[in-house]
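Protein chains in written order, with the working numbering: chain A, 52 to 261; chain B, 52 to 261.
2 protein chains.
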Amino acid sequence: MQIAIALFERFTALDAVGPYETLSRMPGAETVFVAERPGPVRNDNGSLGLVADRAFADVPNPDILVVPGGPGQSDQMANETLLDWVRSADATSTWTTSVCTGSLLLAAAGLLKGRRATSHWLALAELERFGVESTGERVVFDGKYVTAAGVSSGLDMGLALIGRIAGDEQAQTVQLLTEYDPQPPYDAGSPQKAPAHLVEKFRAGSRFSQ
Amino acid sequence: MQIAIALFERFTALDAVGPYETLSRMPGAETVFVAERPGPVRNDNGSLGLVADRAFADVPNPDILVVPGGPGQSDQMANETLLDWVRSADATSTWTTSVCTGSLLLAAAGLLKGRRATSHWLALAELERFGVESTGERVVFDGKYVTAAGVSSGLDMGLALIGRIAGDEQAQTVQLLTEYDPQPPYDAGSPQKAPAHLVEKFRAGSRFSQ
Chain A
52 MQIAIALFER FTALDAVGPY ETLSRMPGAE TVFVAERPGP VRNDNGSLGL VADRAFADVP
112 NPDILVVPGG PGQSDQMANE TLLDWVRSAD ATSTWTTSVC TGSLLLAAAG LLKGRRATSH
172 WLALAELERF GVESTGERVV FDGKYVTAAG VSSGLDMGLA LIGRIAGDEQ AQTVQLLTEY
232 DPQPPYDAGS PQKAPAHLVE KFRAGSRFSQ
Chain B
52 MQIAIALFER FTALDAVGPY ETLSRMPGAE TVFVAERPGP VRNDNGSLGL VADRAFADVP
112 NPDILVVPGG PGQSDQMANE TLLDWVRSAD ATSTWTTSVC TGSLLLAAAG LLKGRRATSH
172 WLALAELERF GVESTGERVV FDGKYVTAAG VSSGLDMGLA LIGRIAGDEQ AQTVQLLTEY
232 DPQPPYDAGS PQKAPAHLVE KFRAGSRFSQ
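Here it is in structure tokens:
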């Protein structure tokens, strides 16, 4: 079972590593980071470089496709090399997934039209513009398309997907070994829960219209 | 404020990227991945390479030191190059932190004797062997030493530390932007919550005596 995680400049690290740390622990999984060209790809902050071991062209038929998001997503919306690979990988994938604004790339590739999906809370309205029914849910399954909300939500998506593919016990095993028993010291992880003035500040400064 | 995250072969990716994704978003933070030699460092699974941009010797005085864990920690317990750097970085750090079995490396460096600390649930007894009072808590502050439990707990540690350094609102900001509103689809993230037969299986197969 080959899992391909797409990288592009200024991706958000946890968008990619959350699904990676969960899905790569599935029995039989072979996980590969792919990008337009092999080599290190820098994240949004620039201080993290994750190595793409293969070029898109070298991984044409992954069983599971994972598309992360991040500020660099904007520059990829018209990158036909990436979008073509997403489309052709999707044509034979068992599951096509995204985290955060990665769902906008799936949408730009034409894969989510008329489907239910999610994205980072600041990108939900943008997702609607592609004819997608955007939801505020953390993980959305619609057929073989699985989309997750912002950044950290890829952990929840990874476990949910392992449950579907390999059963509850495998998912529980991964949760136990990664000690995913979250105890955030604050309760500000969604626009419904965070202080209103912070939500307003980031809506006002967002690169997406709200 | 310089944050140095140590890498070594067969580290666990999320151990490093959880604290990274939170701490690097602090205003004024300069985050750098360091290792014995600059270049890509492979994780426990081998399928992920994270670039160390600097050698230990090039980052002698970080304000915050982060030591991840993972299966590769065992090989580092007698690596004086790494342990010497941990000791000398700690001599001037404001905060010295670990995730998962990274606390065993802090202990091997002699930094945790007589202190309260935590680790991956499978490594708590091992931590006690270094004269550390190991606790089952997810994040433990003891003076400037901050240790976190297994793998995913670095997210909680990162937010807690941002709160101490930069205040509640900065921590809430990072939680909101990373949409850290965890909704794991199972409740098996600790040995108290997971099915008993899974806990027993991994205790029996652990590289640490239980």
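All residues carry an ideal CB built from backbone N, CA and C; glycine is no exception.
Query raised in the report: Taking the C-alpha atoms as reference points, what is the distance between V83(A) and G165(B)?
Result: Distance between the alpha carbons of V83(A) and G165(B): 43 angstroms.
Query raised in the report: Who does A199(B) pair with in a DSSP beta bridge?
Result: Partner(s): V150(B), V190(B).
Query raised in the report: Closest to D104(B) by CA distance: which of D104(A), G100(A), F107(A), A106(A) is it?
Result: Nearest C-alpha to D104(B): G100(A).
Query raised in the report: Would the beta-carbon of V118(B) fall within 9 angstroms of that of I54(B)?
Result: In this structure, V118(B) sits away from I54(B), with a CB-CB distance that is not shorter than 9 angstroms.
Report task. Scan the segment 211-228 of chain B for residues whose Cβ lies nearer than 8 angstroms to a Cβ of chain C and list them as they occur along the chain. Result -> This model lacks chain C altogether, as its protein chains are A and B.
Query raised in the report: From T224(B) to A239(B), what does the alpha carbon distance come to, in whole angstroms?
Result: Taking C-alpha positions only, T224(B) is separated from A239(B) by approximately 28 angstroms.
Requested in this report: Could you please give the first and the last residue of the uninterrupted alpha helix (DSSP H) stretch that includes A281(B)?
Outcome: Lying outside 52 to 261, the shown extent of chain B, residue 281(B) is not represented and no answer is given.
Query raised in the report: Which of helix, strand or coil does DSSP assign to G100(B)?
Result: Three-state DSSP puts G100(B) in a strand.
**Report entry** When P111(A), S204(A), G218(A), E87(A) are compared against A64(A), the one with the closest alpha-carbon
**Finding:** Of P111(A), S204(A), G218(A), E87(A), the residue nearest in Cα terms is S204(A).
Query raised in the report: In whole angstroms, what separates the C-alpha of T198(B) from that of V191(B)?
Result: Here the alpha carbon of T198(B) sits roughly 5 angstroms from the alpha carbon of V191(B).
Report task. Kindly list, in the order they appear in chain A, the residues whose Cβ is closer than 7 angstroms to that of V197(B). Result -> Those do not exist, as V197(B) stays about 12 angstroms from chain A at its closest Cβ, beyond 7 angstroms.
Query raised in the report: Should L99(A) be flagged as near chain B, meaning a C-beta pair shorter than 9 angstroms?
Result: At a cut-off of 9 angstroms, the C-beta of L99(A) has a neighbouring C-beta in chain B.
Report task. Could you list the residues in the segment 82-109 of chain B with a C-beta less than 8 angstroms from some C-beta on chain A, going in chain order? Result -> Taking 8 angstroms as the Cβ-Cβ cut-off against chain A, the residues of the segment 82-109 of chain B that qualify are T82, V83, F84, P91, N96, S98, L99, G100, L101, V102, D104.
Query raised in the report: For E81(A), which residues from the same chain have a beta carbon less than 6 angstroms from its beta carbon, with the 5 sequence-adjacent residues on both sides left out?
Result: Q53.
**Report entry** Uninterrupted alpha helix (DSSP H) stretches inside the segment 114-150 of chain B (no shorter than 4 residues)
**Finding:** Runs of the alpha helix (DSSP H) inside the segment 114-150 of chain B: 124-127, 131-143.
Query raised in the report: By DSSP, does P91(B) sit in helix, in strand, or in coil?
Result: DSSP places P91(B) in strand when its eight states are reduced to three.
Query raised in the report: Nearest to D126(A) by alpha carbon, out of F107(A), R61(A), Y237(A), L206(A)?
Result: When each option's Cα is compared against that of D126(A), the closest is R61(A).
Requested in this report: Check distances from the C-beta atoms of the segment 234-246 of chain A to those of chain B and list, in chain order, the residues that come in under 9 angstroms.
Outcome: Those residues of the segment 234-246 of chain A that come within reach of chain B (Cβ to Cβ, closer than 9 angstroms) are Q234, P235, P236, Y237, D238, A239, G240, S241, P242, Q243, K244, A245, P246.
Requested in this report: Compare the Cα-Cα distances from T229(A) to each of L58(A), A67(A), L74(A), A57(A) and report the closest residue.
Outcome: It is L74(A).
**Report entry** Members of the segment 176-192 of chain A near chain B, C-beta cut-off 7 angstroms
**Finding:** When C-beta distances to chain B are compared with 7 angstroms, the residues of the segment 176-192 of chain A below that value are R189, in chain order.
Query raised in the report: In the segment 54-71 of chain B, which residues sit with their C-beta less than 7 angstroms from some C-beta in chain A, listed in chain order?
Result: Residues of the segment 54-71 of chain B with a Cβ closer than 7 angstroms to any Cβ of chain A, in chain order: A64, L65, V68, Y71.
Query raised in the report: Got a sec? Which residues, its chain only, sit under 6 angstroms from T48(B) by beta carbon, not counting five neighbours each side?
Result: With chain B running from 52 to 261 in the structure shown, residue 48(B) is simply not present.
Query raised in the report: Can you tell me whether DSSP reads R105(B) as helix, strand or coil?
Result: DSSP places R105(B) in strand when its eight states are reduced to three.
**Report entry** Reference A222(A), options L210(A), P233(A), D232(A), Y231(A), closest by Cα
**Finding:** Nearest in C-alpha terms to A222(A), of all of L210(A), P233(A), D232(A), Y231(A), is L210(A).
Query raised in the report: According to DSSP, what are the bridge partners of A168(A)?
Result: Beta-bridge pairing links A168(A) to S185(A).
Query raised in the report: Buried or exposed: Q226(B), going by 16 or more other Cβ atoms within 10 Å of its Cβ?
Result: Taking a 10 Å sphere around the C-beta of Q226(B), we find 16 or more other C-beta atoms and assign the residue as buried.
Query raised in the report: For L253(B), does the three-state DSSP call read helix, strand or coil?
Result: The question names Leu, but residue 253(B) in the sequence shown is Phe. For F253(B), the three-state secondary structure derived from DSSP is helix.
Query raised in the report: For F259(B), which residues in chain A fall below 7 angstroms Cβ to Cβ?
Result: Correct list: empty, because the minimum Cβ distance to chain A is about 13 angstroms.
Requested in this report: With DSSP collapsed to three states, give me the class of A86(A).
Outcome: DSSP places A86(A) in the strand class (E or B) of the three-state scheme.
Report task. Count the CB pairs spanning the segment 147-163 of chain A and the segment 173-188 of chain A that are closer than 8 angstroms, and state whether there are at least three. Result -> A contact is defined here as three or more CB-CB pairs under 8 angstroms, and the segment 147-163 of chain A meets this definition with respect to the segment 173-188 of chain A.
Query raised in the report: So what's E60(B) in DSSP terms, helix, strand or just coil?
Result: E60(B) falls in the coil class under three-state DSSP.
Report task. Can you grab the Cα-Cα spacing for the pair S149(B) / P122(B), in whole Å? Result -> Linking S149(B) to P122(B) through their CA atoms gives a straight-line distance of about 15 angstroms.
Query raised in the report: For the candidate residues L133(B), D95(B), G97(B), S98(B), whose alpha-carbon lies nearest to that of D109(B)?
Result: Among L133(B), D95(B), G97(B), S98(B), the Cα nearest to that of D109(B) is on L133(B).
Query raised in the report: How long is the line joining the alpha carbons of A247(A) and A67(A), rounded to whole angstroms?
Result: So the two alpha carbons sit approximately 29 angstroms from each other.
Query - Any C-beta of chain B under 9 angstroms from that of V250(A) - result: Taking Cβ atoms only, chain B reaches closer than 9 angstroms to V250(A), which makes this a yes.
Query raised in the report: What residue does the alpha helix (DSSP H) around T224(B) start on, and which one ends it?
Result: In this chain, the alpha helix (DSSP H) harbouring T224(B) covers 219-228.
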